[in-house]
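There are 2 protein chains.
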Amino acid sequence: MGLLSEIPDITFSNPFFCGILGNTLLSTVPGVSGAGATPEKTLLTPVLDAELITWGAITSHPVRPDTPTGCPTPASITRAMMDLCGIEPLFINAGLRHPPTVPCLDVYGTIGDDPRYRDAVPHAKDLIRKGEVIGKFLSKNSDLLILGECVPGGTTTALCVLRALGYEACVSSSFVNNPVSIKEDICRMVLERIRADGISSHLDIIRYAGDPMMPVAVGIAKAYTGNLFLAGGTQMLAVSALLKKEGQFPLPYVVTTSYVRDDPSANIRHTAEQIGLNIIFVDPGFGDIGHPGLARYCIGEVKEGMGAGGAMFLAHLMGHSGEEIRNTILTAVSAYS
Amino acid sequence: MGLLSEIPDITFSNPFFCGILGNTLLSTVPGVSGAGATPEKTLLTPVLDAELITWGAITSHPVRPDTPTGCPTPASITRAMMDLCGIEPLFINAGLRHPPTVPCLDVYGTIGDDPRYRDAVPHAKDLIRKGEVIGKFLSKNSDLLILGECVPGGTTTALCVLRALGYEACVSSSFVNNPVSIKEDICRMVLERIRADGISSHLDIIRYAGDPMMPVAVGIAKAYTGNLFLAGGTQMLAVSALLKKEGQFPLPYVVTTSYVRDDPSANIRHTAEQIGLNIIFVDPGFGDIGHPGLARYCIGEVKEGMGAGGAMFLAHLMGHSGEEIRNTILTAVSAYS
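Those protein sequence lines, which keep their order, are chains A and B.
Numbered by this note's numbering, the letters in the first sequence go through residues 1 to 337 in order.
Numbered by this note's numbering, the letters in the second sequence go through residues 338 to 674 in order.
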């Protein structure tokens with residue numbers, strides 16, 4: 001099988017990669033997120049990921065770019081692909097607890113609040129508008145955009161938003177064992193708040209249940225005029241469902257790894273069909289790549305993040321073979337080991 | 338006379354405009370800065386300027402885009418030129434008191450402290466490094482960069498830095514009557530601190546006496562590979578002098594208005610000669626343009642700011658005639674009146 005499930009019929013000359021960074025307080029609920037050594041530390045992960053990709057190393061904190069179980073972070077993959085492609089990525093700060101250690105295009109949002117008890121994204125409409133400014137800016141300077149995200153806990157906000165919009169969604173997880181019951185409990189409480197307050201518009205659903213990445217991504221996608229690819233798993237399905245509500249047609253492709261597709265606790269293809277969007281799956285074949293940490297992606301750990309699937313997809317579109325992509329990733333993550 | 342004192346012999350296909358926003362506490366010293374209705378309000382000016390240029394209107398605060406005496410702000414000119422050229426500008430937050438109301442590429446700096454009493458830019462070296470990240474990013478996506486700035490009080494930090502570097506500089510002002518004695522008093526105190534502590538390296542001089550715009554501009558200029566133009570008056574001479582200390586050769590052009598050149602209280606051409614750089618002067622002929630506020634530029638009010646000179650220069654390079662540029666500015670500022 002090839003690296004990509006589908007190769008889109010497009011031409012481009014100025015590709016661009018953006019990663020939207022955001023936090024939701026839900027990642028600090030014990031058991032929700034695997035993106036950090038402790039629940040509290042998940043809030044720092046987007047900052048560390050952006051630092052790794054920008055400088056090639058994390059120097060601001062004494063941490064290694066792998067998970068507690070020794071999996072290289074998806075940011076390592078994204079970094080390797082940026083190097084291979086000669087692309088300088090742009091990070092967007094949609095709302096973080098900790099200040100970034102690298103330059104970010106900042107919309108001056110705030111960390112997403114706990115949607116069980118309070119409005120998660122009070123200024124969702126303002127963030128969409130600022131996303132549109134960014135989308136216009138990117139349109140002037142590129143004709144292909146890979147739009148990734150890094151939001152620990154973001155699959156849970158995606159679950160809440162997709163369910164509130166009426167989809168029978170089951171979302172993925174960076175854990176081998178998706179903490180489905182914790183997520184379902186949270187989702188039940190959030191949906192009760194939404195129902196109790198008679199909320200139905202998609203803007204109010206972001207406000208009640210989303211995270212700051214979502215409205216920024218929606219704004220960028222609305223304004224971007226080139227070839228757009230939303231790089232991420234179930235979180236980008238939530239963005240797509242919101243875009244559909246905004247009247248966006250056709251919806252952009254979603255690009256993600258085969259490891260998200262193969263997550264038995266999720267139903268990404270079923271949800272995508274309901275929304276009416278196409279997904280391109282990237283299968284880098286980490287199982288036999290010769291690195292035990294990368295091989296753990298195949299048993300369902302990590303799976304995706306920081307647009308890693310989209311970054312590999314872009315490298316392939318730019319003419320790099322699957323073998324070259326695999327070798328580059330192996331060399332890069334081995335250097336950290 | 339033509340619009341430009343010199344037309345550089347360059348070709349380009351992807352022009353870019355950046356405005357670096359920054360604050361220094363010096364702008365709150367009464368009498369130092371004309372960029373705001375009160376000393377305290379000068380701190381908000383970069384935010385309002387970026388808002389005007391991005392949205393075409395200031396809606397976050399009940400203020401008009403002109404000075405207390407009815408001069409259209411230079412940001413109005415920059416906005417008009419961006420519209421004319423079809424360019425989406427990028428703003429860089431080098432260190433501001435107030436959060437911007439539009440997306441900015443943020444280096445997570447802090448407002449410049451009062452150099453009379455404390456280090457003005459404690460993390461100057463870190464800001465240069467972040468500027469380099471931005472310069473590399475911009476190099477991938479453009480081949481011509483107009484780099485403007487908006488730092489109220491910034492001519493006073495420029496004076497301190499230029500004098501500390503050994504230049505016989507006299508800096509310009511946005512006031513008709515340059516508050517030379519206030520600036521000289523401040524500069525004397527700053528130079529005494531520098532002398533007392535035996536400071537001589539240019540990095541330490543930024544740290545002691547500069548503002549956050551300077552190291553960010555230095556970093557961008559060091560890393561940028563296309564045609565670079567520093568758009569501003571005496572403040573960009575300070576940046577150039579710092580670049581010279583960084584071993585940058587040749588130095589980029591400085592582009593500014595003829596109103597800065599004609600400031601009898603400053604000596605921009607003399608200082609430029611000492612540094613060894615070329616300046617392109619833009620003369621938009623506001624005296625007979627038919628707008629009393631713009632005509633006040635000719636008697637020495639405002640003069641320059643937010644890369645306005647550089648924006649007019651860019652419009653001309655992109656094929657717009659002096660008449661078209663003047664008419665566009667007149668139409669734009671008349672719409673605010």
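By construction, the Cβ of each residue, glycine as well, lies at the ideal position given by its N, Cα and C atoms.
7 Å Cβ cutoff, residue i in contact with chain B
i	result
P103 (chain A)	yes
Y117 (chain A)	no
V121 (chain A)	no
P15 (chain A)	no
K130 (chain A)	yes
Helix, strand or coil at residue i [DSSP, three-state]
i	result
T382 (chain B)	helix
G109 (chain A)	coil
F12 (chain A)	coil
L341 (chain B)	strand
F623 (chain B)	helix
Y590 (chain B)	strand
G95 (chain A)	strand
P72 (chain A)	strand
F474 (chain B)	helix
L609 (chain B)	The residue you asked about is not Leu; residue 609 (chain B) is Ala in the sequence shown. Three-state result, A609 (chain B): helix.
T24 (chain A)	strand
L427 (chain B)	strand
C170 (chain A)	coil
G356 (chain B)	strand
I395 (chain B)	coil
A114 (chain A)	According to the sequence shown, residue 114 (chain A) is Asp rather than Ala. Note: D114 (chain A) maps to coil in three-state DSSP.
C635 (chain B)	coil
D126 (chain A)	helix
D119 (chain A)	coil
I53 (chain A)	helix
I199 (chain A)	coil
Short CB-CB distance (under 7 Å) between residue i and chain A
i	result
Q610 (chain B)	Note that residue 610 (chain B) is Glu in the sequence shown, not Gln. So, not an interface residue.
F474 (chain B)	yes
P549 (chain B)	no
D443 (chain B)	yes
I471 (chain B)	yes
P436 (chain B)	yes
Delimiting residues of the alpha helix (DSSP H) encompassing residue i
i	result
L579 (chain B)	T571 to K582
E529 (chain B)	V517 to A533
I329 (chain A)	G322 to Y336
F650 (chain B)	A645 to L654
I631 (chain B)	This sequence places Leu at residue 631 (chain B); Ile is not what is there. First-last of the alpha helix (DSSP H) with L631 (chain B): P629 to A632.
A568 (chain B)	From DSSP, A568 (chain B) is part of no alpha helix (DSSP H) but of the beta strand (DSSP E) over N564 to A568.
G219 (chain A)	M213 to A223
V366 (chain B)	Here V366 (chain B) belongs to no alpha helix (DSSP H), and DSSP marks it neither H nor E.
A37 (chain A)	First-last for A37 (chain A): undefined, no H or E at that position.
R401 (chain B)	Where R401 (chain B) is concerned, there is no enclosing alpha helix (DSSP H), given that its DSSP letter is neither H nor E.
S265 (chain A)	No alpha helix (DSSP H) contains S265 (chain A), which DSSP labels as neither H nor E.
V260 (chain A)	S258 to R261
Start-to-end residues for the beta strand (DSSP E) that takes in residue i
i	result
L162 (chain A)	Careful: L162 (chain A) lies outside any beta strand (DSSP E), inside the alpha helix (DSSP H) at G154 to A164.
I146 (chain A)	L144 to C150
Item checked: Short-range partners of chain A found in the region 476-499 of chain B, where Cβ spacing is below 9 Å -> S476, K477, N478 and S479
Next item on the list: Please list the residues of the region 84-96 of chain A that have a C-beta atom closer than 9 Å to any C-beta atom in chain B, keeping them in chain order.
Entry: G86, I87, E88, P89, L90, I92 and N93
Item checked: Residues from the region 173-189 of chain A in contact with chain B, defined by Cβ distance under 7 Å -> none
Check: Are there three or more Cβ pairs, one per stretch, closer than 8 Å when the region 70-88 of chain A is compared with the region 311-329 of chain A?
Finding: yes
Next item on the list: Could you tell me whether the region 602-616 of chain B touches the region 624-635 of chain B, where touching means 3 or more Cβ pairs closer than 8 Å?
Entry: no
Check: Of the residues that make up the region 216-244 of chain A, which ones have a beta carbon closer than 7 Å to any beta carbon in chain B?
Finding: none
Item checked: Contact list for the region 49-75 of chain A against chain B, Cβ threshold 7 Å -> T54
Notebook entry, point to check: Should the region 277-285 of chain A be regarded as contacting the region 39-58 of chain A, the criterion being three or more beta carbon pairs within less than 8 Å?
Noted result: no
Next item on the list: Would you be able to state if there are at least three C-beta pairs under 8 Å between the region 115-124 of chain A and the region 494-509 of chain B?
Entry: no
Check: Would you call the region 100-117 of chain A and the region 483-498 of chain B in contact, with 3 or more CB pairs under 8 Å?
Finding: no
Next item on the list: Examine the Cβ distances between the region 564-575 of chain B and the region 644-652 of chain B and report whether three or more of them are shorter than 8 Å.
Entry: yes
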